[in-house]
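A short write-up of the structure that comes next.
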Amino acid sequence: MSNLRAAVIAALFLFKVSAPAMADDVALTSRDGTLEITGTLLGFDGEFYRVDTEFGILTVDSSGVNCDGPACPTLGNYVAEFTLSGARSMGEVLIPALIEGFTLNAGYALTREELAGTGLVYRLYDDGGPTEAARITIRLTSSSEGFADLLGEEADMVLSLREVRSAEREMVREAGLGDLRGIRQFRVIARDALVPIIAPGNPVHRLTLAQLAQVYAGKITRWSELGGEDAPVTLHLTEADTGIGALFADMVMEREGEALAETVLVHGTIRGLTEAVASDPFGIGIATVSQASLSQEITLTGDCAFAVAASRAAVKAGDYPLSVPMYLYLPGRRLPKLGRDFLAYMRSTRAQQVIARAGFVDQAFTEVPLANQGERLSNAIRAAGEDVGLDELQRMATLFDGKKRITLTFRFRGGSTVLDTPSQSNVALLAAALEAGQFDGRRLVFVGFSDGQGEGAVNARLSRRRAEVVRDAVLAETEAFDPSRMVLETDGFGEALPMACDDTDWGRQVNRRVEIWVE
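Quick note: the sequence shown uses my numbering, first residue 723, plus one each step.
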């Protein structure tokens, strides 16, 4: 059976609903002339045609067919093209830095063109010569518009500061573009975090999330209510319907059941906001870790007095409550080879260095010694209740002795062993590291923890089960990994090592986790 015939049979099996009538603009004929496919050419990646036919959308290997029709590409002059669309804060700095790093690493010459009101276009040239090899377009829109562009065939990758919504996921699936929650169709490429900022010299250094929401709701109006000077609080924010402003409204205001006050001063950019707050002695703003350097950051805490600052290690591990995973979503179709090479580059060591230099939090593993985690262990001792005895704390300390914690943490939906979305991306990251031999000859321990809700014995069992779930998921994701190259173990300590207060939803979510400790 020819490759073309096999592709047709598979397509007939997968696509049961015929496409609407259309004007055929290509005919793909097998080399022996026994089979022909006609339809509308949707794309060509240099190797495969993507054609909308009466049987549905088919992907056909160009080496096995002849193409005839007005839309057939000129194979000798093929230029790889793909478009990224979505969150402006990703498209303005992060993605350009990665494209420029990729081209330098791969040996391409590069030009950059600004598209007024739209975004950027990069053109890549082979060997520094006149031959154009690829054209990469970045559309500076928003997370929501990025998903809309994917549905409208105007984008090949979505840049998003949030998870895909259920309605968006369903529309993409109905369009035949796969499941955007499938582990192969999204990844976290970097992290950022929302941070409250104030002018240098303001004596207020800590706030709870509830206090922060009340400040922006106009219910706390003077700094003296927070331990500061008797002066009015000035509120600064970027637009609340897009980007960072929208994230703050969703992650803090909506979660705390508050609405933004009408007195908020709105800024067009984060840079404009940080400059305004730095010069306003009584102002407060919401910036990001990547752009908060001009001002003083406020540490978030809870009623139990646990405090988590937005350090790079805390953001990387997802321990900071307002961490922002930066998602890249992909359709369930082949990208041009150069696009696939770019995706592979994003996970390389060089790409992680580029991400860090651009001011974002990279995905490279950092190993944190036990000696640097005294505050966490102190919290564990102070928070230990009837369900966490001294013997269990001693057992935990013995396990951690001589090991380091990797800044890769897996978290779960409440009361379950179901990984949350960023953790599903972490599964692929750790699996790739194991296959690459990054931990050969070492001992890795998957250590589970729970929140403090429920009985201690149940939480201890659940934490151990979560550790096993993560280990099994990582091993299932590997393709050519020999577990005998290293020692893999699991353990669990229930609620013995809280990262945050258990009196809030975000605190409990942070506490439900599996950490990786390496020796």
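Every residue, glycine too, gets a C-beta built ideally from N, C-alpha and C.
Under the three-state reduction of DSSP, which class applies to residue i: helix, strand or coil?
{"i": "Ala-939", "result": "coil"}
{"i": "Tyr-1042", "result": "coil"}
{"i": "Tyr-1049", "result": "strand"}
{"i": "Phe-777", "result": "coil"}
{"i": "Met-744", "result": "Caution is warranted here: a pLDDT of 42 is assigned to Met-744, below 50, making its placement in the model unreliable, and the coordinate value is therefore given only provisionally. Reduced to three states, the DSSP call for Met-744 is coil."}
{"i": "Gly-823", "result": "helix"}
{"i": "Ala-1222", "result": "coil"}
{"i": "Arg-1186", "result": "helix"}
{"i": "Ser-752", "result": "strand"}
{"i": "Pro-1144", "result": "helix"}
{"i": "Met-879", "result": "strand"}
{"i": "Thr-996", "result": "helix"}
{"i": "Val-894", "result": "helix"}
{"i": "Val-1030", "result": "strand"}
{"i": "Ala-1036", "result": "helix"}
Suppose you measure from the CA of residue i to the CA of residue j; what does that come to, to the nearest Å?
{"i": "Glu-758", "j": "Gly-898", "result": "23 Å"}
{"i": "Ala-1080", "j": "Asp-1113", "result": "46 Å"}
{"i": "Leu-734", "j": "Glu-896", "result": "Low per-residue confidence applies at Leu-734: pLDDT is 35, beneath 50, and the placement is therefore not dependable, though the value from the model is reported in the following sentence. One C-alpha to the other measures close to 17 Å."}
{"i": "Arg-1072", "j": "Thr-760", "result": "44 Å"}
{"i": "Ala-728", "j": "Gly-786", "result": "Only weak support is given to the placement of Ala-728: the predicted model assigns it a pLDDT of 47, under 50, and the question is left unresolved by the model."}
{"i": "Val-1149", "j": "Ala-1032", "result": "24 Å"}
{"i": "Glu-1177", "j": "Gly-1111", "result": "14 Å"}
{"i": "Ala-1036", "j": "Glu-1237", "result": "13 Å"}
{"i": "Met-1048", "j": "Gly-808", "result": "11 Å"}
{"i": "Val-986", "j": "Thr-956", "result": "8 Å"}
{"i": "Ser-1100", "j": "Val-1140", "result": "29 Å"}
{"i": "Glu-885", "j": "Glu-980", "result": "22 Å"}
{"i": "Val-937", "j": "Glu-1019", "result": "16 Å"}
{"i": "Asp-1204", "j": "Val-1180", "result": "33 Å"}
{"i": "Ile-1006", "j": "Met-812", "result": "24 Å"}
{"i": "Asp-952", "j": "Ile-942", "result": "12 Å"}
{"i": "His-989", "j": "Leu-969", "result": "15 Å"}
{"i": "Ala-743", "j": "Glu-776", "result": "Below a pLDDT of 50, predicted positions are generally treated as unreliable, and Ala-743, at 37, falls in that range; the measurement from the model is reported next regardless. Ala-743 and Glu-776: Cα-Cα distance of roughly 7 Å."}
{"i": "Arg-906", "j": "Pro-954", "result": "50 Å"}
{"i": "Gln-1146", "j": "Gly-791", "result": "43 Å"}
{"i": "His-958", "j": "Ser-946", "result": "19 Å"}
{"i": "Thr-1185", "j": "Leu-916", "result": "Before going on, a small fix: residue 1185 reads as Ser here, not Thr. One C-alpha to the other measures close to 29 Å."}
{"i": "Glu-976", "j": "Leu-1065", "result": "34 Å"}
{"i": "Leu-842", "j": "Ala-802", "result": "16 Å"}
{"i": "Pro-925", "j": "Ile-966", "result": "25 Å"}
{"i": "Leu-1210", "j": "Phe-1168", "result": "8 Å"}
{"i": "Pro-1043", "j": "Thr-762", "result": "48 Å"}
Thinking C-alpha only, which one of the options is nearest residue i?
{"i": "Phe-770", "options": "Ile-911, Leu-780, Glu-776", "result": "Leu-780"}
{"i": "Leu-832", "options": "Met-812, Ile-858, Val-1083, Ser-811", "result": "Ile-858"}
{"i": "Leu-1060", "options": "Gly-1178, Phe-766, Tyr-1051, Asp-972", "result": "Phe-766"}
{"i": "Pro-1091", "options": "Ser-1185, Trp-1239, Gly-839", "result": "Trp-1239"}
{"i": "Met-973", "options": "Arg-944, Ile-1008, Val-999", "result": "Ile-1008"}
{"i": "Leu-1121", "options": "Gly-1170, Phe-1087, Asp-1142", "result": "Gly-1170"}
{"i": "Tyr-800", "options": "Leu-806, Ala-856, Gly-949", "result": "Ala-856"}
{"i": "Arg-1235", "options": "Thr-840, Asn-788, Leu-1130", "result": "Leu-1130"}
{"i": "Pro-666", "options": "Asp-848, Met-975, Arg-944, Cys-789", "result": "This structure cannot settle anything about residue 666, because the visible part of the chain is limited to 723 through 1241."}
{"i": "Asn-1094", "options": "Pro-918, Leu-763, Asp-1123, Pro-922", "result": "Asp-1123"}
{"i": "Thr-805", "options": "Arg-861, Val-773, Asn-827", "result": "Arg-861"}
{"i": "Glu-1199", "options": "Gly-904, Glu-836, Leu-846", "result": "Gly-904"}
{"i": "Glu-835", "options": "Glu-876, Tyr-844, Asn-827, Gly-829", "result": "Tyr-844"}
{"i": "Leu-982", "options": "Val-999, Ala-1000, Glu-961", "result": "Glu-961"}
{"i": "Val-880", "options": "Arg-887, Ser-888, Glu-867, Glu-892", "result": "Glu-867"}
Tell me where the beta strand (DSSP E) around residue i begins and ends.
{"i": "Asp-914", "result": "908–920"}
{"i": "Ser-807", "result": "802–809"}
{"i": "Glu-758", "result": "758–766"}
{"i": "Glu-675", "result": "Here the chain has residues from 723 to 1241 only, and residue 675 is not among them."}
{"i": "Arg-1117", "result": "Premise fails: Arg-1117 lies in the alpha helix (DSSP H), 1112–1122, not in any beta strand (DSSP E)."}
{"i": "Val-787", "result": "787–790"}
{"i": "Thr-956", "result": "956–960"}
{"i": "Ile-905", "result": "Looking at the DSSP string, Ile-905 is not in any beta strand (DSSP E), and its letter there is neither H nor E."}
Just grab the DSSP bridge partners of residue i for me.
{"i": "Gln-1018", "result": "Ile-920"}
{"i": "Phe-1203", "result": "Answer is none; Phe-1203 lacks a bridge partner."}
{"i": "Ile-817", "result": "Partner(s): none; Ile-817 has no beta bridge."}
{"i": "Ala-870", "result": "Note: Ala-870 sits in no beta bridge, so no partner."}
{"i": "Glu-836", "result": "Leu-842"}
{"i": "Gly-722", "result": "This structure cannot settle anything about residue 722, because the visible part of the chain is limited to 723 through 1241."}
{"i": "Gly-1170", "result": "Gly-1214, Val-1236"}
{"i": "His-989", "result": "Thr-960"}
{"i": "Leu-862", "result": "Gly-808"}
Alpha helix (DSSP H) containing residue i: first to last residue?
{"i": "Trp-1228", "result": "1227–1233"}
{"i": "Gly-965", "result": "965–970"}
{"i": "Leu-1065", "result": "1059–1068"}
{"i": "Val-1076", "result": "1071–1079"}
Distance cutoff 9 Å, beta carbons only. Does residue i sit that close to anything in chain D?
{"i": "Val-1037", "result": "Going by chain labels, chain D is absent from the structure shown, which holds only one protein chain."}
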